[in-house]
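For reference, the structure discussed in these notes is given below.
Residue numbers (this note's numbering), protein chains in the order written: chain D, 1 to 317; chain E, 318 to 596.
Structure below.
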């Protein structure tokens, strides 16, 4: 424990600390000044562009206000917005769609994990595969969404032409059919997300010590046992991280909807952020949209705090 | 166990299967490229013609780049926004990262906790007040406003702070004893040591800014100021059924990033893996 005494928590060498008197105080002041100088651009930016706005969102969620009405048009209505939200079928449908969309997370995580294990161990040309699967991630989501929209064009798009050619007389209308539109979006979302998850899984795999596998092989453990007893537990921090970021990102889905379906047909693909955007920037109901934003914020906070609690239970470090 | 246990012929078969699967990821891009070279009436011909019969590549791209919605303009906007956002973000982030890791001052941990907490706030929950703010201070519908919105991501601060923490405090202390101020130390010792990390972050930030659709959609109105993602969408809704032109626009938006990615491939993938960062 002698080391703990010699090195204060900040990591400053002991020699620098026990300076007494004026020079130490002025040194301290200079350090503080320098510190503020270095961090202030970020602090000001975060304050003006994040902290102030999130506080304003929470305040505005108690108001009935329209952009056009000007400052004097604000009416404070207490919890009315939230009460309305829970009776608003369009909003509830958006939340339900958000929850359905959660299903994409385990699906792309599983696919990514399998692909990562295969790429890490069983193939030639590793780099090619990393790049190929990663392409959707770096591509412009608007451009990609436009391409998928054309590919899934219901009457003469290539996908349906192909389906007809192999015997499906009435292939689904994908984006145009309220029963299929959300699943079509979910499919594209899986396709888009695999690259990122794959890269993180490969990094996770590479940090597993090889001798664990060697020892297991000597003990006669077969591939499946090794996977269950070594790979899965050793990857659990990675999986946990991907699960949390994945869940949070499904609550933020917007671009894909905005470019392809705009929440339609008949509200079947509306999700929380799309609904927020629609209320705020199309219907100009600022107060009401702010209450949607507050609910969104709440969801993300709950997931984040829940994550801290769950981490200890599930993750083997 | 790793590669030694897998026989070459099995590895070959698995590679072949994986190649087939990877087609699923690349085919949409190939289709996009091929279609952008076609004449309109060939686009939906079935079976799909992977080599166009009538090449209209030059005409299509000329229309997209210099037609009614000239893409050279949107390119220029995207390049300006991308470069400026990246430069400002890297500067602000590396300064803050140095301050939060290498300078001892009173309020430091408290301030860092605040910055850390803002990372939990989803960007969309702050859009409305940002919009109101921008309308009132004249930053709405300007590229400067768009650049500022993207420049203060706390992600860069976290990433770079990790790297600054790896720089030995002894370097800093001995430079201080030699009479150097923090700015000199940052510039001549700290920054050079974390340069590779800054470069990785810069590539990621550029990619994210280039692909950003939501912020331009909300903070820009004039179509002369549009960046590429907005331009592609606008072009799509305006040119209706001209799919070959739409695909030429899509290709134009993707190609620069593809080049950036191929050049910086190693650092992009390593950066993503290292920081576990998501755009």
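From the three backbone atoms N, C-alpha and C, an ideal C-beta is built for every residue, glycine too.
From a predicted model like this one, the values you see are computed outputs, not experimental measurements.
In this structure, residue 526(E) sits away from residue 384(E), with a CB-CB distance that is not shorter than 7 Å. For residue 84(D), no chain E residue has a C-beta closer than 7 Å to its own C-beta; the minimum C-beta separation is roughly 17 Å.
With 16 or more other Cβ atoms inside 10 Å of its own Cβ, residue 529(E) counts as buried. The residue from 396(E), 427(E), 412(E), 434(E) with its alpha-carbon nearest to that of residue 474(E) is 412(E). Annotation for residue 499(E): the continuous alpha helix (DSSP H) segment containing it runs 499 to 502. In the structure shown, residue 283(D) falls within a coil segment according to DSSP collapsed to helix, strand and coil. Those residues of the region 255 to 279 of chain D placed with their C-beta closer than 9 Å to a C-beta in chain E are 255, 258, 259, 272, 273, 276, 277, ordered along the chain. One alpha carbon belongs to residue 503(E), the other to residue 488(E), and they sit about 11 Å apart.
In the three-state DSSP reduction, residue 140(D) falls in the coil class, being neither helix nor strand.
Per DSSP, residue 113(D) is one residue of the alpha helix (DSSP H) stretching across 104 to 121.
When Cβ-Cβ separations below 7 Å define contact, residue 31(D) makes contact with chain E. Look at the region 199 to 287 of chain D and you find these whole runs of alpha helix (DSSP H), each 4 residues long or longer: 210 to 218, 223 to 226, 236 to 250, 255 to 259, 272 to 277. As a beta-bridge residue in DSSP terms, residue 76(D) pairs with 63(D).
For a Cβ distance threshold of 8 Å, residue set 300, 301, 304 of chain D lies close to residue 437(E), ordered along the chain. Residue 335(E) and residue 132(D) have their C-alpha atoms some 11 Å from each other. The closest CA to that of residue 76(D), considering only 311(D), 286(D), 113(D), is found on 286(D). The DSSP-derived three-state label of residue 467(E) is helix. Contacts with chain E at 7 Å (Cβ-Cβ) include residue 42(D).
Rounded to the nearest angstrom, the gap between the Cα atoms of residue 26(D) and residue 32(D) is 10 Å. When rounded, the separation of the alpha-carbon atoms in residue 127(D) and residue 586(E) is 10 Å. In this structure, DSSP gives residue 559(E) a state outside helix and strand, which the three-state scheme calls coil. Following the DSSP letters along the chain, one finds residue 165(D) inside the alpha helix (DSSP H) bounded by residues 158 to 165. Sixteen is the threshold: when 16 or more other Cβ atoms of the shown chains lie within 10 Å of the Cβ of residue 143(D), as they do, the residue is buried. Counting the other CB atoms within 10 Å of its CB gives residue 346(E) a total of 16 or more, which places it among the buried residues. Ranked by Cα distance from residue 500(E), the first of 415(E), 485(E), 460(E) is 415(E). Annotated as distal: residue 342(E) and residue 156(D), with beta-carbon spacing of 7 Å or more. In the structure shown, the three-state DSSP call for residue 385(E) is coil. With a cutoff of 7 Å on beta-carbon distance, residue 145(D) and residue 282(D) are scored as not near each other.
Of the candidates 386(E), 351(E), 451(E), 386(E) places its Cα closest to the Cα of residue 555(E). Of the residues 291(D), 278(D), 109(D), 130(D), the one whose Cα lies closest to the Cα of residue 531(E) is 278(D). Neighbours of residue 531(E) in chain D, taken as residues whose beta carbon is under 7 Å from its own, are 254, 255 in chain order. The alpha carbon of residue 378(E) has as its nearest neighbour, out of 573(E), 537(E), 423(E), 564(E), the alpha carbon of 564(E). In this structure, the alpha-carbon of residue 350(E) lies about 13 Å from that of residue 139(D). Assigned with DSSP and collapsed to three states, residue 372(E) falls in coil, not helix or strand.
Put simply, of 323(E), 540(E), 547(E) the residue whose alpha carbon is nearest the alpha carbon of residue 567(E) is 547(E). Note on geometry: alpha-carbon atoms of residue 458(E) and residue 539(E) lie some 7 Å from one another.
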